[in-house]
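> This is the structure I have questions about; it appears just below.
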């Protein structure tokens with residue numbers, strides 16, 4: 001299925017291609033937006049250049065001028081998904097007071113992201129698509145996951161420093177637990193009622209917080 | 218892709234077909250086993266009768282004699298996955314003392330199931346495959362999930378009755394939280410080290426237990 005091998009600089013492919021003019025960048029955005037929509041329902045492995053070119057009214061070579069290979073395109077869509085996820089969950093929470101308020105804001109934004117992305121999440125699907133396929137895509141999936149876990153751990157650590165969470169809090173462990181809440185909410189929401197899943201997720205956060213809350217807070 | 222419509226009695230298709238002799242049943246098992254292997258890596262939507270027939274050295278009509286339609290086959294594979302999951306997680310735990318010991322046994326068996334199924338879990342993949350596709354497959358996925366949540370809630374309730382967990386324990390909520398542990402372990406294990414994910418999962422169980430443990434225990 002793979003038409004070209006990756007050049008190892010996938011994320012910059014658009015920037016270094018001859019198409020990186022203003023008009024070229026706009027065309028690249030249109031292709032990427034459509035590819036993101038396809039990947040949201042069919043996964044990154046559901047992307048192929050031919051049908052995508054048809055969908056945006058271009059030739060296959062026109063698409064290849066913007067993305068050197070199918071894999072470059074998949075990597076760009078994955079990065080776009082990670083950027084959007086961060087813009088919806090973390091970025092607005094950075095305006096909220098650091099510590100517990102920010103941690104709660106991240107979780108709330110995350111739930112809203114799950115509501116928006118109910119039809120399918122490129123990032124989550126990618127985890128199961130590449131769990132047994134070594135290569136640049138798997139490496140990128142792992143990198144995005146690690147970065148997100150580190151962002152969560154940082155938000156937890158700020159709550160420790162604010163004296164709200166126990167000084168012996170293992171921030172990486174709590175980050176794992178926050179991720180587990182979102183996974184369970186996403187899983188339940190896929191099968192039943194979204195708001196009921198949100199309520200379960202919030203209660204679960206409260207139960208975990210009982211362990212982590214500082215005795216002095 | 219669908220060659221035949223479902224007859225609404227998918228789960229019994231093998232039993233009522235003319236092939237339901239002893240030899241017929243053995244052939245059906247061989248087809249099902251191979252279909253399960255395909256679905257474990259490609260999902261239930263990755264199943265199609267043609268390649269499956271080739272893989273087991275039969276004609277397409279030979280496969281259709283055992284499974285009336287592609288959907289019947291997919292339902293049978295889904296049921297097989299749920300049965301195997303129960304046989305690995307719940308059934309051995311029923312020999313363990315009811316209450317907390319049994320709850321811990323279920324979780325431990327579940328982790329071992331995740332180790333075994335690292336290449337892909339038919340049940341988990343099916344949740345994302347059918348979250349936005351109404352029909353008999355989605356209904357069966359929901360039914361299996363509800364049944365599993367009910368089994369977990371029952372194991373929790375037995376620990377409440379044994380006086381080990383708080384009398385006001387919401388068994389369905391704790392079942393949701395147990396599911397979330399397994400989802401996070403599976404997610405982390407797909408991306409990094411399995412035993413590290415198990416350790417995080419066990420610690421998380423301990424943190425949740427702090428909320429649920431009876432003050433008298």
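Residue numbers (my numbering), protein chains in the order written: chain A, 1 to 217; chain B, 218 to 434. Glycine is no exception: its CB is placed at the ideal position from the N, C-alpha and C atoms. A quick note: this is a predicted structure, and the numbers were derived from the prediction, not measured.
#1: Using the rule of at least 16 other Cβ atoms within 10 Å of the residue's Cβ for burial, across every protein chain shown, is residue 266(B) buried or exposed?
#2: What residues from chain A crowd round residue 420(B), counting only those whose CB sits closer than 7 Å?
#3: Have a look at residue 276(B) and residue 185(A) and give me their C-alpha separation to the nearest angstrom.
#4: With DSSP collapsed to three states, give me the class of residue 52(A).
#5: Work out the CA separation of residue 430(B) and residue 166(A) for me, nearest whole Å.
#6: Name the two residues that bound the continuous alpha helix (DSSP H) containing residue 79(A).
#7: Can you give me the C-alpha to C-alpha distance between residue 376(B) and residue 148(A), rounded to a whole angstrom?
#8: Should the stretch 136–150 of chain A be regarded as contacting the stretch 190–210 of chain A, the criterion being three or more beta carbon pairs within less than 8 Å?
#9: In chain B, which residues lie less than 8 Å from residue 96(A) when you measure between Cβ atoms?
#10: For residue 17(A), would you say it is in contact with chain B, using Cβ-to-Cβ distances shorter than 7 Å as the test?
#11: Please work out which residues of its chain come closer than 6 Å, Cβ to Cβ, to residue 157(A), disregarding the five sequence neighbours upstream and downstream, and give them in chain order.
#12: Return the chain-ordered list of same chain residues with a C-beta closer than 7 Å to the C-beta of residue 297(B), the five sequence neighbours on each side being excluded.
#13: Are the C-beta of residue 344(B) and some C-beta of chain A separated by less than 7 Å?
#14: Suppose you measure from the CA of residue 27(A) to the CA of residue 71(A); what does that come to, to the nearest Å?
#15: Less than 7 Å between the C-beta atoms of residue 175(A) and residue 197(A), yes or no?
#16: From residue 91(A) to residue 39(A), what does the alpha carbon distance come to, in whole angstroms?
#17: Interface residues of chain A around residue 377(B) at Cβ under 8 Å?
#18: Taking just the CA atoms, how far does residue 182(A) sit from residue 304(B)?
#19: For chain B, is any of its Cβ atoms less than 7 Å away from the one on residue 179(A)?
#20: Would you decide whether residue 291(B) is buried or exposed? Buried here means 16 or more other CB atoms lie within 10 Å of its CB.
#21: Indicate the three-state DSSP secondary structure (helix, strand or coil) for residue 264(B) in the structure shown.
The answer reads as follows:
#1: buried
#2: 173
#3: 43 Å
#4: helix
#5: 20 Å
#6: 70–93
#7: 36 Å
#8: no
#9: The premise fails here: residue 96(A) is roughly 24 Å from chain B at the closest Cβ pair, so nothing lies under 8 Å.
#10: Model confidence at residue 17(A) stands at a pLDDT of 49, short of 50, so the residue's coordinates are unreliable and nothing is read from them.
#11: 171
#12: 249 and 253
#13: yes
#14: 18 Å
#15: no
#16: 24 Å
#17: In chain order: nothing, as chain A lies at least about 15 Å away.
#18: 28 Å
#19: yes
#20: buried
#21: coil
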